[in-house]
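For my numbering, add 40 to where a residue sits in the sequence shown, where the first one is 1. A virtual CB, placed ideally from N, CA and C, is assigned to each residue, including glycine. Take a look at the structure below.
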Amino acid sequence: MKLLNVNRKFYQPIMMKAFMLLFVITFGCTSLYAQQQELKLKTEAQIVLETQHQALVLQVEENKDFNMSYLGPKLRDQQEYKLLRGMYKQTGDYTGMYAAAYTGSGARNLLEPAISVIHADGNQSLDLKYVRHEQRPIDKNITELQVDLKDAVYPFEVSLYYRMYSAEDLIEQWAVIRHQEKGRVELTKYASANLSLKADDFWLRHYHGDWITEMQAEETKLTHGIKTIDSKLGTRANLFQPSAFMLSIGRPSSENEGTVLLGGLEWSGNFKIDFELDPQDNLRILAGMNNYASTYVLKAQEDFITPKFLYTLSNEGMGKASRNLHNWARNYKLLDGQGDRLTLLNNWEATYFDFNEHKLFALLKDTKKLGVDLFLLDDGWFGNKYPRNADTSALGDWEENKEKLPNGLISLVREASRNEVKFGIWVEPEMVSPKSELYEKHPNWVVKQADRPEYYFRNQLVLDLSNPEVQDVVFKTLDDLFVKNPGLAYVKWDCNAVIYNAHSPYLKEQGNFYVDYVRGLYKVLAKFRKKYPKVPMMLCSGGGGRVDYGSLAYFTEYWPSDNTDPLERIFMQYEYSYFYPAIASANHVTDWGKQSMKFKVDVAMMGKLGFDIVVSELPEEELAFCQEAIKNYNQLKPIIWRGDQYRLADPKSEDYASICYVNEDKSEGVMFNYQVNYRQNKGSLMPIKLQGLDPQKQYRLEEINLYGQKQSPINSQAVYSGDFLMKVGFNPQLSTNRTSVVLKISESR
Ligand code: DGJ
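This is how it looks when you write it as structure tokens:
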């Protein structure tokens, strides 16, 4: 019956059209095309979504197909979106199929689908048709569109969501999948978004890496076929590849030129993003959770909510796109994105596992002496039956080690307060050591294949967060720390193992595991945030193995990499900065690298500053330098954290790197410059053009972070217009003797 209805609905307009055509031909009307268009407009609908500079146009076709017809600069005249029809030619019998806004598989689709399903009767086809849509304003800046689609044969529905952030030219897209079938329904693919773009060429910049080599960029022209970036690691899903990418449309983009889309999935688990250039030169982007080993069994009436796929489009190059992302992150996503952050001293590299209360008391004094806000106690403070004196035991046994800390953590919290600094703690709550009391007592809480040998990553296994009981245990680990140690002010949440032997002793449906693990993790984090909404927390994953906007909703900052060699960090921080704002980047000064202390501190200042050094062993001059630099940082941090960031010189193509930050009213800024090529004393031979200043304003540039008694060759009394600084530039005078130069920019009134 249902089917008949649909068919009648489908055929009625066609019959009408045929009749009209006959009429037109019979009466010899000359404007046949115009009449056809008019008729079409009655049976089709266009949905135009606009942000400040961009537009996304969706199309309900005559046959109720739902397509994406345009993503690009917004038009001055809304009426003209109608003229998009016919501008992009498709040939052959496939017309309409290429641009589906959410492609089902097994029916008319011939390319990579967004969704695949095995229905309760074993049938594998899905052909989603438009049913209704609703557009609602969320606030002055945000509008949300919901489009309901339904299969014509099966009681299977998908709602597509488009959340438009106007000022940031940013879109979040996701899907909600549900069914009312009687019996077992398996989702074998379930993308968050399905984009269809049209251009002559596409250039994809994506990233790869590993421990201490995070965020290595590669750019490639997309050729026909599919290019996939994905992860199958389960927990530290971004270790080999993050989902963050950049797509230049038409031609490769530069910092300030070109059309570029910056995107990524808000998901901390396995992901898959396909870029399929089809035979007719359309680019289909399919972004979502990875369906690898994850055929998901969905119960009737249950909403399967995909993570959000976010993207921003800029017609002014990568710089504008990344500032869009930074603004969006600080306003809407990153936890406490507009709030404050704590500078800190960490003890990981200063002590590793070798410390006791006495040593830590001394470090608390050093924290104060250095002038930072907080002391962060890293790994090694827990475990009694199996003390955590190496990375081979005790994860899961979150009780203070009685030998190292006979008076407990509370004694450290109190001592920190006596020293007028705050105290923070490292945890790795998702993990368990095979040598731990937790594992002995609860082997069924651990992810493993019972019949296979255990296989470890950093000598540890992963707890089964798909199990609600384990979620409670993990929440309690954190909660207990705060309940027992009032005053605890900071958490570093680490995650050092990937998932091997993926199998949940709890789940009935193993295909649900990878998805339900991350959902379990988010449940714990959400519960934690409900009780402790603002406690600053660092997202760490053996370096930068888990940096994404799904998790950053719960974290105030991320750890980019265990590689803190400042030269390497210039490159890494540069790449991360396309996607994440400086306030979120935890940059620590350590013993890594052969550079001077000044160079190290200058590099770490381009984000959230921290230290991991033995303060008591610093030569007097270095300590004095650090203390002074921290004071400078405290003055400049509002600009670094909340100002607009401009990348001025790319270390990959120049002999130096340069980045500046400018505050909102363009009255103050800071410019960081580093020489990265030490050969032939190549420094900044030319002035570096600044950006983001007011051409009408007058500025002075003063060199800060001067080491020791050194004089600066920069004349801080000279005045330059913003116009001059942006057109001619400024030479920071980098050389092999001046490998880093920090310039404070102030309006001269
Ligand atoms: C890996 C982290 O990246 C390090 O900073 C440190 O916390 C260690 N884990 C501790 O085991």
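*residue 536: beta carbon under 7 Å from a heavy atom of the ligand PLP?*
The ligand PLP is not among the ligands present in this structure, which contains only the ligand DGJ.
*asked:* Need the endpoints of the beta strand (DSSP E) that residue 700 sits in, please.
replied: 696-702
*Which whole-angstrom value is the C-beta distance of residue 655 and residue 406, which I expect to be below 8 Å?*
4 Å
*Distance between beta carbons of residue 711 and residue 730, contact taken as under 8 Å*: 7 Å
*Select from 621, 268, 591 the residue whose C-alpha is nearest the C-alpha of residue 331.*
268
*asked:* Taking contact to mean 3 or more Cβ pairs, one atom from each stretch, closer than 8 Å, check whether the segment 349-367 and the segment 570-579 are in contact.
replied: no
*Could you check the C-alpha separation between residue 7 and residue 521 for me, to the nearest Å?*
The structure shown does not extend to residue 7, since the chain is modelled only from 41 to 789, so the question has no answer here.
*Which same chain residues, not among the five before or five after residue 374, have their C-beta less than 6 Å away from its C-beta?*
592, 624
*For the ligand DGJ, any of its heavy atoms closer than 7 Å to the Cβ of residue 700?*
Checking the Cβ of residue 700 against the ligand DGJ gives no.
*Compute the distance between the beta-carbons of residue 492 and residue 337, then report whether it is under 8 Å.*
Contact: no.
_Span separating the alpha-carbon of residue 409 from that of residue 536_ = 32 Å
_What would DSSP say about residue 299, mapped onto helix, strand or coil?_
The three-state secondary structure of residue 299, taken from DSSP, is strand.
*asked:* Within 8 Å, do at least three Cβ pairs link the segment 225-234 to the segment 246-258?
replied: no
*Which ranges does the alpha helix (DSSP H) cover as unbroken runs of at least 4 residues, wholly within the segment 627-669, from first to last along the chain?*
637-644
_Could you pull the DSSP bridge partners for residue 743 from this structure?_
DSSP lists 783 as partners of residue 743.
*asked:* With distance defined between alpha-carbon atoms, name the residue in 465, 538, 111 nearest to residue 439.
replied: Ranking 465, 538, 111 by Cα distance to residue 439 puts 465 first.
*Taking the Cβ atom as the reference point for each residue, do residue 262 and residue 286 lie within a distance shorter than 8 Å?*
no
*When we look at the beta-carbon of residue 755 and count the other beta-carbons within 10 Å, is it buried (16 or more) or exposed?*
By the Cβ-count criterion, residue 755 is exposed, with fewer than 16 other Cβ atoms from all chains shown falling within 10 Å of its own Cβ.
*Kindly provide the ranges of any beta strand (DSSP E) runs that are 3 or more residues long and lie completely inside the segment 353-413, ordered along the chain.*
Counting only runs of 3 or more, we get 384-386.
_Let me check understanding here. Comparing Cα to Cα, which of 456, 209, 168 lies closest to residue 89?_
Each of 456, 209, 168 was checked against the Cα of residue 89, and the nearest Cα belongs to 209.
_Where residue 398 falls, given that 16 or more other Cβ within 10 Å makes a residue buried_ = exposed
*asked:* Which of the three DSSP states is assigned to residue 261 in this structure?
replied: strand
*Spell out a yes or no on whether the segment 606-619 and the segment 252-261 are touching, meaning 3 or more CB-CB pairs, one atom from each, closer than 8 Å.*
yes
*Nearest to residue 386 (by Cα), restricted to the options 649, 502, 377*: 649
_Considering only DSSP beta bridges, list what residue 203 is partnered with._
According to DSSP, which records beta bridges pairwise, residue 203 is partnered with 184, 212.
*Residue from 322, 294, 335, 342 whose Cα sits closest to the Cα of residue 360*: Measuring from the Cα of residue 360, the nearest candidate turns out to be 294.
*Leaving out the 5 sequence neighbours to the left and right, which residues in its chain are closer than 7 Å to residue 124 when beta-carbon positions are compared?*
97, 109, 110
*Just how far apart, CA to CA, sit residue 446 and residue 182?*
53 Å
*Where does residue 587 sit, in a helix, a strand or coil, going by DSSP?*
coil
*Going straight from the alpha carbon of residue 620 to that of residue 416, what length do you get?*
23 Å
*Going by the beta-carbon positions, is the gap between residue 344 and residue 216 smaller than 8 Å?*
In contact: residue 344 and residue 216 (Cβ atoms closer than 8 Å).
_Rounded to whole angstroms, what is the Cα-Cα separation between residue 78 and residue 86?_
Residue placement at residue 78 is poorly supported in this model, since its pLDDT is 44, which falls under 50; the coordinates are not used for a value here.
_Which residue marks the beginning of the beta strand (DSSP E) containing residue 314, and which one marks its end?_
Residues 311-317.
_Inter-residue CB distance, residue 584 and residue 606 (contact presumed, cutoff 8 Å)_ = Taking C-beta atoms under 8 Å as the contact rule, residue 584 and residue 606 fail to qualify, at a distance of about 16 Å.
*Express the C-alpha separation of residue 198 and residue 610 in angstroms, rounding to a whole number.*
Computed Cα separation, rounded: 44 Å.
*Work out the CA separation of residue 787 and residue 735 for me, nearest whole Å.*
11 Å
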